[in-house]
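Take 117 as the starting number for the sequence shown in my numbering and just add one per residue.
Ideal Cβ placement from N, Cα and C applies to all residues, glycine included.
For reference, the structure is listed below as structure tokens.
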Amino acid sequence: MAHAADFFAGASDISRRIDTTKIEALAAELASLRERKGRLFILGVGGSAGNAGHAVNDFRKLCGIETYAPTDNVSELTARTNDEGWETVFVEWLKVSRLSQNDAILVFSVGGGNLERNISPNLVAAVRHAKDVGAKVFGVVGKEHGYTAQVGDVVVVVPVVSDALVTP
Numbered sequence: 117m118a119h120a121a122d123f124f125a126g127a128s129d130i131s132r133r134i135d136t137t138k139i140e141a142l143a144a145e146l147a148s149l150r151e152r153k154g155r156l157f158i159l160g161v162g163g164s165a166g167n168a169g170h171a172v173n174d175f176r177k178l179c180g181i182e183t184y185a186p187t188d189n190v191s192e193l194t195a196r197t198n199d200e201g202w203e204t205v206f207v208e209w210l211k212v213s214r215l216s217q218n219d220a221i222l223v224f225s226v227g228g229g230n231l232e233r234n235i236s237p238n239l240v241a242a243v244r245h246a247k248d249v250g251a252k253v254f255g256v257v258g259k260e261h262g263y264t265a266q267v268g269d270v271v272v273v274v275p276v277v278s279d280a281l282v283t284p
């Protein structure tokens, strides 16, 4: 029983500490993206890739936004990884998808990318490309010092309440 109580206490703490103005700003940006008929590309690695795939369904079905996640196509993802390398797998996928200033990327990541620590360099490359082409960069991350949080247009940082429950 203590584990469940601790879990819900942590969830309550997060909900009190999260910056709700960022959530509102993200919702407004996504509504604007839909209005201009832009596309949303959701990127994530590990568990965040699973969240990205699920979110594609919700954004398409519930929000009416044309949405994709490169990790949903395992054949292409693994071929690109094998032929080109893990570091460029997302950026090359975005180039072929013709990411433009009308579009946006949404990064789901605990760390948000950090080249110095070799954390999700593929996300860093994708974010850089998005910025280069003028696409919006959104994020839901767990660390305020990661690359996505530092350069993104609207990034929701989920507060860490227990370091034991957080990956790099």
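Beta-carbon spacing of residue i, residue j below 8 Å
i           : j           : result
residue 216 : residue 172 : no
residue 229 : residue 237 : yes
residue 241 : residue 207 : yes
residue 158 : residue 222 : yes
residue 220 : residue 177 : no
residue 262 : residue 276 : no
residue 168 : residue 160 : yes
residue 243 : residue 264 : yes
residue 226 : residue 142 : no
Sequence-distant residues of the same chain with beta carbon closer than 7 Å to residue i, five excluded per side
i           : result
residue 278 : 126
residue 256 : 224, 272, 274
residue 165 : 187
Neighbour-count burial assignment, residue i, 16 or more Cβ in a 10 Å radius
i           : result
residue 200 : exposed
residue 246 : buried
residue 139 : exposed
residue 231 : exposed
residue 196 : buried
Helix, strand or coil at residue i [DSSP, three-state]
i           : result
residue 64  : A query on residue 64 cannot be resolved here, the shown segment of the chain reaching from 117 to 284 and no further.
residue 182 : strand
residue 134 : coil
residue 166 : helix
residue 234 : coil
residue 155 : strand
residue 227 : coil
residue 126 : helix
residue 249 : helix
residue 270 : strand
Contacting residues, own chain, Cβ-Cβ under 8 Å from residue i (five flanking each side not counted)
i           : result
residue 135 : 272, 273
residue 120 : none
Beta-carbon proximity list for residue i, same chain, < 6 Å, skipping 5 on both sides
i           : result
residue 190 : none
residue 209 : 186
> Three or more C-beta pairs closer than 8 Å, one from the region 151-159 and one from the region 175-185: is that the case here?
Replying inline: In short, these stretches touch, since the Cβ pair count reaches three.
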